[in-house]
Amino acid sequence: MTKQLLLGQTLGFSGNPLTTEWADVTEHDSAGGVLIADGRIAATGNGAALRSAHPDATVTDYGDALISPGFVDAHMHYPQTGIIASWGKQLIDWLNSYTFPEEARFADQGYARQIAGQTLDLALAHGTTTLTSFCTIHPGSVTAFFEAAATRNMAVIAGKTCMDRNAPDDLHDTAQSAYDDSKALLDEWHGKGRANYAITPRFSPTSTPAQLEALGALWAENPGILMQTHLSEQLPEIAWVKELFPQSRDYLDTYEAFGLLGPGGLYGHAIHLEQREIDRLSEIDASVVHCPTSNTFIGSGLFDLMGLAQAGLRIGLATDTGGGSSFSMLRVMAAAYEIGQLRGTALHPAQLMWLATEGSAQSLHMGGQIGHLGAGAMADITVLDLASTPAIAQRHGLARDIWDALFPTIMMGDDRAIKDVWVAGQRVDA
Ligand code: GUN
Ligand code: ZN
Numbered sequence: 001m002t003k004q005l006l007l008g009q010t011l012g013f014s015g016n017p018l019t020t021e022w023a024d025v026t027e028h029d030s031a032g033g034v035l036i037a038d039g040r041i042a043a044t045g046n047g048a049a050l051r052s053a054h055p056d057a058t059v060t061d062y063g064d065a066l067i068s069p070g071f072v073d074a075h076m077h078y079p080q081t082g083i084i085a086s087w088g089k090q091l092i093d094w095l096n097s098y099t100f101p102e103e104a105r106f107a108d109q110g111y112a113r114q115i116a117g118q119t120l121d122l123a124l125a126h127g128t129t130t131l132t133s134f135c136t137i138h139p140g141s142v143t144a145f146f147e148a149a150a151t152r153n154m155a156v157i158a159g160k161t162c163m164d165r166n167a168p169d170d171l172h173d174t175a176q177s178a179y180d181d182s183k184a185l186l187d188e189w190h191g192k193g194r195a196n197y198a199i200t201p202r203f204s205p206t207s208t209p210a211q212l213e214a215l216g217a218l219w220a221e222n223p224g225i226l227m228q229t230h231l232s233e234q235l236p237e238i239a240w241v242k243e244l245f246p247q248s249r250d251y252l253d254t255y256e257a258f259g260l261l262g263p264g265g266l267y268g269h270a271i272h273l274e275q276r277e278i279d280r281l282s283e284i285d286a287s288v289v290h291c292p293t294s295n296t297f298i299g300s301g302l303f304d305l306m307g308l309a310q311a312g313l314r315i316g317l318a319t320d321t322g323g324g325s326s327f328s329m330l331r332v333m334a335a336a337y338e339i340g341q342l343r344g345t346a347l348h349p350a351q352l353m354w355l356a357t358e359g360s361a362q363s364l365h366m367g368g369q370i371g372h373l374g375a376g377a378m379a380d381i382t383v384l385d386l387a388s389t390p391a392i393a394q395r396h397g398l399a400r401d402i403w404d405a406l407f408p409t410i411m412m413g414d415d416r417a418i419k420d421v422w423v424a425g426q427r428v429d430a
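Structure (structure tokens):
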């Protein structure tokens, strides 16, 4: 068994720094080490102590670079990689003008394979080791994504996006085919290697009640898996949902009524929530996913991170590519900070790093397995150069402590800050 020992600064968490004093649950070691064996983290601790205890380990010394769990993107759309940063529209127009025409191209499985590989490579180049992705209505788009992830040994979550109304004809499935195709893909892929299947109704405007009900039934038959969708992203969207579902109490109720509210539910955006929705999400132990670069880019609104954390919700962090305008979870953390500022809360770098790693992992019910720098977790690791550009380096040179040294990289960093990435204990060749 070959052992690897990574030396550098390390940052880990023993609790949730959004709901506890961050300093009480944050562990920084300026001369730390991470021991890897059999694809997992075998131990973390003082670098010199690990080195003398494991003289047989192959050592990679990263100096004062920061060894972090790989970033976990809890909500994105790999088929939208080709239309990232498309100008000038808000949600519904943006879907119709840019997103749906691009997603129609995924009828061609060769194109799906190309974009799946490209997206996963871009993610790795930006230090992201797990993606939670919507695919398109085409089952082949799911197969292409899972195959591309398996080639790279990445832990991913994905599902066939289901839509049987309010989308172009060539992007429609039916209630029955959505059930059948999702079930076949789930049976084939869930738990195969590092693949996890998520039942994926796009959002209530693009599903008939019959389709939502069919997917709710599929979830009831497979209660251990995740279900991902969108919730209360933009005000005109919420008004549209009210028109389409006049009998529903609120947006969340359009899922709840059809069996699509549960502990494994991942609700993307969740910006304009009513109190009943917050209470129900909390009661059920569901997750909401914050997509700050998307929320500012599409003009959706300001997510109430602290309010929802205090209400006890699981909160993941995500790029929402291509509504989000960056593949970088560093840029996403920066946007979360900026939205926090607009809401009157300055998020601490420890809180931002936790959200991008442990928080996202916990939102996916994968806490301790990924996004975690501790024994037993998979060795999915990102090493950050905290002085990666001249602009960051000059600021880093004046830093007073680790947080002051890290924050410029969070605010100004991009793929140049990613010094190395490890997936399941293997170094990824850049
Ligand atoms: N709501 C429904 N579909 C989408 C999508 O693809 N992106 C975003 N940001 N919101 C959505
Ligand atoms: Zn989305």
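So in UniProt numbering, spot 210 of the sequence shown is number 210, and the numbers just go up one at a time. Glycine residues also receive a C-beta, built at the ideal position from the N, C-alpha and C atoms. Just so we're clear, the structure is a prediction, and the values are computed from it rather than from any experiment.
Inter-residue Cα distance where the pair is residue i and residue j
i           : j      : result
Leu122      : Val72  : 14 Å
Ser86       : Gly322 : 8 Å
Phe134      : Glu243 : 25 Å
Asp187      : Ala399 : 51 Å
Ser177      : Glu221 : 17 Å
Met306      : Asn16  : 12 Å
Phe66       : Ala217 : Contrary to the premise, residue 66 reads as Leu rather than Phe in this sequence. In a straight line, the C-alpha of Leu66 is about 45 Å away from that of Ala217.
Asp385      : Thr99  : 35 Å
Asp429      : Ala125 : 10 Å
residue 479 : Gln394 : Residue 479 lies beyond the stretch modelled for the chain, which goes from 1 to 430, so this question has no answer here.
Phe106      : Tyr197 : 19 Å
Gly262      : Ala424 : 30 Å
Ala184      : Phe203 : 21 Å
Arg249      : Pro236 : 17 Å
Residue from the options with nearest C-alpha to residue i
i      : options                        : result
Leu364 : Ala31, Ile157, Tyr179, His77   : Ile157
Asp170 : Gln369, Leu352, Asn96          : Asn96
Ala309 : Lys3, Leu11, Thr20, Leu5       : Thr20
Leu281 : Tyr267, Cys291, His272, Thr293 : Tyr267
Leu35  : Thr206, Ala48, His190          : Ala48
Gly127 : Pro349, Phe303, Ala417, Gly425 : Ala417
Glu256 : Leu212, Lys89, Phe303, Leu226  : Leu212
Gln275 : Phe245, Ala350, Asp253, Val142 : Asp253
Residue i CB to nearest heavy atom of ligand 1 below 7 Å
i      : result
Arg105 : no
His230 : yes
Ala233 : Checking the displayed sequence, the identity of residue 233 turns out to be Glu instead of Ala. Yes, the beta carbon of Glu233 sits closer than 7 Å to at least one heavy atom of ligand 1.
Arg202 : yes
Ile298 : yes
Leu95  : yes
Ser287 : no
Leu330 : no
Thr2   : no
Thr293 : no
Leu91  : yes
Thr26  : no
Thr99  : yes
Boundaries of the beta strand (DSSP E) in which residue i is found, first to last residue
i      : result
Leu35  : 26-37
Met227 : 226-231
Asp61  : 58-69
Gly140 : It is not in any beta strand (DSSP E) - Gly140 instead sits in the alpha helix (DSSP H) that spans 139-151.
Phe407 : Careful: Phe407 lies outside any beta strand (DSSP E), inside the alpha helix (DSSP H) at 402-412.
Gln9   : 3-13
Ile315 : 314-317
Pro349 : No beta strand (DSSP E) holds Pro349; the alpha helix (DSSP H) holding it covers 349-354.
Tyr267 : 265-269
Pro201 : 195-201
Gly159 : 156-159
Ser287 : 287-290
Val383 : 381-384
Pair within 8 Å by beta-carbon distance, residue i and residue j
i      : j      : result
Arg194 : Ala144 : no
Ile199 : Met163 : no
His372 : Pro69  : yes
Ile381 : Trp354 : no
Leu91  : Glu233 : yes
Thr130 : Gly374 : no
Gly340 : Ala334 : no
His28  : Gln4   : no
Asp414 : Leu317 : no
Gly264 : Ile315 : no
Tyr78  : Thr132 : no
Asn46  : Gly63  : no
Residue i beta carbon near ligand 2 (any heavy atom closer than 7 Å)
i      : result
Gly323 : yes
His77  : yes
Asp404 : no
Asp320 : yes
Gly159 : no
Start-to-end residues for the alpha helix (DSSP H) that takes in residue i
i      : result
Asp180 : 175-189
Trp248 : Checking the sequence shown, residue 248 turns out to be Ser, not Trp. Here Ser248 belongs to no alpha helix (DSSP H), and DSSP marks it neither H nor E.
Tyr98  : Segment: none, Tyr98 is in no alpha helix (DSSP H) and carries neither H nor E.
Trp219 : 209-221
Arg276 : 275-284
Residue i CB to nearest heavy atom of ligand 3 below 7 Å
i      : result
Phe134 : Absence of ligand 3 from the depicted structure is noted, with ligand 1 and ligand 2 being the only ligands included.
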